[in-house]
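Presented below is the structure to which this report refers.
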Amino acid sequence: MKSQMLKGILEGCILKLIEKETLYGYDIIVRLKEFNLSMVSEGSIYPLLHKLQKAGYITGRRVKSAEGPMRKYYKITDEGKNYLDEFQLHWRELDGAVNQIFEEEYDDNPAQKRI
Amino acid sequence: MITPLKREYDHMLSTLDEADRLHFQELEGVLDAHYVDEEEKWDILHEMMTHFYETENISFKEMFGNDPKSYALDLATNTDRSSVGFWRDYRLMIGYYVFIYFLCVIIIGRLALSWFMIVVPFLVLIMVPLMNRGIKQQAFRGPAKQTLTTILFILLFGVTKIFIIFSFHERFEQFFLFNYEGSIFNILRVMIMLAVIFIGIRIFQLSKGLFHKVFASVIILYAINSTLQTFEIAWPGSAIFNEVIDIATILTVIAFFIHNIKIENRFWNPKSTGKTVK
Numbered sequence: 518m519k520s521q522m523l524k525g526i527l528e529g530c531i532l533k534l535i536e537k538e539t540l541y542g543y544d545i546i547v548r549l550k551e552f553n554l555s556m557v558s559e560g561s562i563y564p565l566l567h568k569l570q571k572a573g574y575i576t577g578r579r580v581k582s583a584e585g586p587m588r589k590y591y592k593i594t595d596e597g598k599n600y601l602d603e604f605q606l607h608w609r610e611l612d613g614a615v616n617q618i619f620e621e622e623y624d625d626n627p628a629q630k631r632i
Numbered sequence: 390m391i392t393p394l395k396r397e398y399d400h401m402l403s404t405l406d407e408a409d410r411l412h413f414q415e416l417e418g419v420l421d422a423h424y425v426d427e428e429e430k431w432d433i434l435h436e437m438m439t440h441f442y443e444t445e446n447i448s449f450k451e452m453f454g455n456d457p458k459s460y461a462l463d464l465a466t467n468t469d470r471s472s473v474g475f476w477r478d479y480r481l482m483i484g485y486y487v488f489i490y491f492l493c494v495i496i497i498g499r500l501a502l503s504w505f506m507i508v509v510p511f512l513v514l515i516m517v518p519l520m521n522r523g524i525k526q527q528a529f530r531g532p533a534k535q536t537l538t539t540i541l542f543i544l545l546f547g548v549t550k551i552f553i554i555f556s557f558h559e560r561f562e563q564f565f566l567f568n569y570e571g572s573i574f575n576i577l578r579v580m581i582m583l584a585v586i587f588i589g590i591r592i593f594q595l596s597k598g599l600f601h602k603v604f605a606s607v608i609i610l611y612a613i614n615s616t617l618q619t620f621e622i623a624w625p626g627s628a629i630f631n632e633v634i635d636i637a638t639i640l641t642v643i644a645f646f647i648h649n650i651k652i653e654n655r656f657w658n659p660k661s662t663g664k665t666v667k
């Protein structure tokens with residue numbers, strides 16, 4: 518359940534990171550860890566990146582690297598930006614609603630007493 | 390064709406520990422079994438491998454999770470399929486049954502083609518996905534379904550063979566499209582000529598130069614004529630045509646060999662490299 522929940526949220530997070538700057542796989546993992554998303558396993562981003570690319574939200578371009586093999590850098594598309602706006606809107610709604618439910622549980626709420 | 394991505398991937402793969410290498414190979418196998426588009430397969434594998442290669446002191450399981458098979462299945466179900474792999478397997482199976490058919494022709498001593506044989510390509514069409522799931526079981530989910538597909542594949546595989554063998558039986562003579570009972574020499578001749586026609590058509594399709602197309606055309610005409618001669622089918626002007634095609638074939642085969650020798654020598658000719666020999 519945790520991994521399913523994470524997958525959906527990660528899509529949005531990855532898109533947001535790519536919107537800020539052009540990144541490649543390893544960079545994305547580093548950035549996610551900087552934001553304390555260390556529970557994300559390094560390999561789990563590839564099926565998501567692939568899915569986002571298939572949906573047309575990001576585009577990938579291979580660039581030769583002086584240090585080793587070619588790296589694939591991702592850039593957000595206009596379609597991706599629209600999807601990200603939508604995602605952000607839904608996330609805020611969801612975040613607000615979920616927080617409200619959980620906060621109510623801790624408060625001495627009259628609604629709970631009714632039950 | 391080996392793409393730069395595959396070349397780099399192979400190089401990185403060769404530097405890995407055995408366990409990690411096996412996990413990557415398993416991943417490749419799963420993607421292949423799902424007929425994932427080749428270009429897409431190397432694109433994603435290269436990207437994963439690059440990340441793995443650049444991250445030192447980490448194992449495959451640490452990076453891609455404790456269940457590599459499940460990871461591979463997730464990846465395979467999200468990628469585009471290509472029909473190329475399916476049709477490659479289909480051609481292989483058809484080739485196998487053509488071989489069985491010719492084997493029957495030699496053993497029975499009868500060159501017969503029954504209307505029943507029309508069913509064979511369709512049976513193979515059903516058989517290929519079952520074969521893929523049956524043989525490459527580890528690449529798909531659900532063991533119960535896999536056992537069923539394996540049994541179905543084995544049944545179809547056997548039934549098709551029996552079908553081919555019994556299509557030669559005298560009891561089904563009314564279904565024969567044609568039936569030739571000659572000497573084993575003549576039967577072999579027809580079979581060889583049919584193989585030549587097939588190879589000629591392939592050369593014609595694949596070659597780009599006019600010379601090879603002409604060569605293939607002459608060879609095809611020669612093989613068709615030779616087959617008709619075996620069946621003693623005569624047509625107006627066939628006697629003259631026989632003479633002409635025999636001479637044309639001899640000349641074309643000689644020209645083909647000279648042409649090939651010239652191509653081979655071109656690489657060793659100092660003139661073509663621009664260097665002068667003193």
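If you're matching them up, the sequences are chains L and Z in order. Anchor point for the first sequence: position 10 equals 527 in our numbering, and the numbering is continuous, going up by one each time. Anchor point for the second sequence: position 236 equals 625 in our numbering, and the numbering is continuous, going up by one each time. Ideal placement from N, C-alpha and C gives every residue a C-beta, glycine not left out. Quick caveat, the model's predicted, so the values are computed rather than measured.
CB of residue i within 8 angstroms of CB of residue j, strictly
i	j	result
Z/Val585	Z/Thr619	no
Z/Ile609	Z/Gly589	yes
Z/Tyr479	Z/Leu514	yes
Z/Val419	Z/Leu462	yes
Z/Ile553	Z/Tyr490	yes
L/Leu554	L/Leu601	no
L/Ile535	L/Ile546	no
L/Tyr574	L/Gly542	no
Z/Phe645	Z/Phe604	yes
Z/Thr439	L/Arg588	yes
Z/Leu492	Z/Leu545	no
L/Gly560	Z/Met516	no
L/Leu523	L/Val557	yes
Z/Glu417	Z/Leu434	yes
Burial state of residue i (16 or more Cβ within 10 Å)
i	result
Z/Arg522	buried
Z/Asn614	buried
Z/Glu670	Nothing about residue 670 of chain Z can be read from this structure; chain Z reaches only from 390 to 667.
L/Glu528	buried
Z/Trp431	buried
Z/Ala465	buried
Z/Ser448	exposed
Z/Leu394	buried
Z/Ile409	According to the sequence displayed, residue 409 of chain Z carries Asp and not Ile. Under this definition Z/Asp409 is a buried residue.
Z/Thr641	buried
Z/Val509	buried
L/Phe619	exposed
Z/Ile639	exposed
Z/His558	exposed
Z/Thr662	Model confidence at Z/Thr662 stands at a pLDDT of 46, short of 50, so the residue's coordinates are unreliable; what they give is reported in the following sentence. With fewer than 16 Cβ atoms within 10 Å of its Cβ, Z/Thr662 is classed as exposed.
Z/Thr549	buried
Given residue i as reference, the closest of the options once Cα atoms are compared
i	options	result
Z/Ala422	Z/Glu570, Z/Tyr398, Z/Phe488, Z/Met520	Z/Met520
L/Ser582	L/Asp602, L/Ile575, L/Tyr590	L/Tyr590
L/Ile526	L/Phe604, L/Thr594, L/Leu540, L/Gly573	L/Phe604
Z/Gly571	Z/Val548, Z/Thr549, Z/Glu621, Z/Ile483	Z/Glu621
Z/Met343	Z/His412, Z/Ala644, Z/Ala612, Z/Arg499	Limits of chain Z in this structure are 390 at one end and 667 at the other, which puts residue 343 of chain Z out of reach.
Z/Thr616	Z/Ile576, Z/Phe645, Z/His648, Z/Phe555	Z/Ile576
Z/Ile495	Z/Phe564, Z/Leu464, Z/Ile573	Z/Ile573
L/Phe552	L/Glu559, L/Lys537, L/Gln570, L/Cys530	L/Cys530
L/Pro586	Z/Leu492, Z/Pro518, Z/His400	Z/His400
Z/Thr381	Z/Glu415, Z/Glu559, Z/Phe555, Z/Pro518	This structure cannot settle anything about residue 381 of chain Z, because the visible part of chain Z is limited to 390 through 667.
Z/Lys450	Z/Ile483, Z/Trp476, Z/Glu415, Z/Ile433	Z/Glu415
Z/Ile497	Z/Ser556, Z/Phe475, Z/Phe542, Z/Leu402	Z/Ser556
L/Arg579	L/Lys550, L/Arg548, L/Lys592	L/Lys592
Z/Phe441	L/Val615, L/Asp544, L/Ala614	L/Asp544
Z/Glu429	L/Asp595, L/Gly577, L/Thr539	L/Gly577
Z/Phe600	Z/Trp476, Z/Met452, Z/His648	Z/His648
L/Asn599	L/Pro564, L/Leu569, L/Glu610	L/Leu569
heavy atom of the ligand ADP below 7 angstroms from residue i C-beta
i	result
Z/Leu462	Among the ligands in the structure shown, none appear at all, so the ligand ADP cannot be discussed.
(request) Could you please tell me which residues of the stretch 589-600 of chain L, in chain order, have their CB closer than 9 angstroms to any CB of chain Z? (result) Lys589
(request) Could you list the residues in the stretch 534-547 of chain L with a C-beta less than 9 angstroms from some C-beta on chain Z, going in chain order? (result) Tyr541, Gly542, Tyr543, Ile546
(request) Could you run through the stretch 461-489 of chain Z and flag, in chain order, every residue whose CB is less than 8 angstroms away from some CB of chain L? (result) Asp463, Leu464, Asn467, Thr468, Asp469
(request) Kindly confirm or deny that the stretch 465-474 of chain Z and the stretch 410-424 of chain Z touch, where touching means at least three C-beta pairs closer than 8 angstroms. (result) yes
(message) Can you pull out the residues from the stretch 419-432 of chain Z whose beta carbon lies closer than 7 angstroms to at least one beta carbon of chain L?
(response) none
(message) Using a Cβ distance threshold of 8 angstroms, determine whether the stretch 503-518 of chain Z contacts the stretch 447-460 of chain Z, with at least three qualifying pairs required.
(response) no
(message) With a threshold of 8 angstroms, are at least 3 pairs of Cβ atoms found where one atom belongs to the stretch 587-601 of chain Z and the other to the stretch 632-639 of chain Z?
(response) no
(request) Could you please tell me which residues of the stretch 547-562 of chain L, in chain order, have their CB closer than 8 angstroms to any CB of chain Z? (result) Ser558, Glu559, Gly560, Ser561
(message) Using a Cβ-Cβ cutoff of 7 angstroms, what residues of the stretch 562-590 of chain L are near chain Z? List them in chain order.
(response) Tyr563, Pro564, His567, Lys568, Gly585, Pro586, Met587, Arg588, Lys589
(message) For the stretch 585-600 of chain Z, list every residue whose C-beta sits within 8 angstroms of some C-beta in chain L, in sequence order.
(response) none
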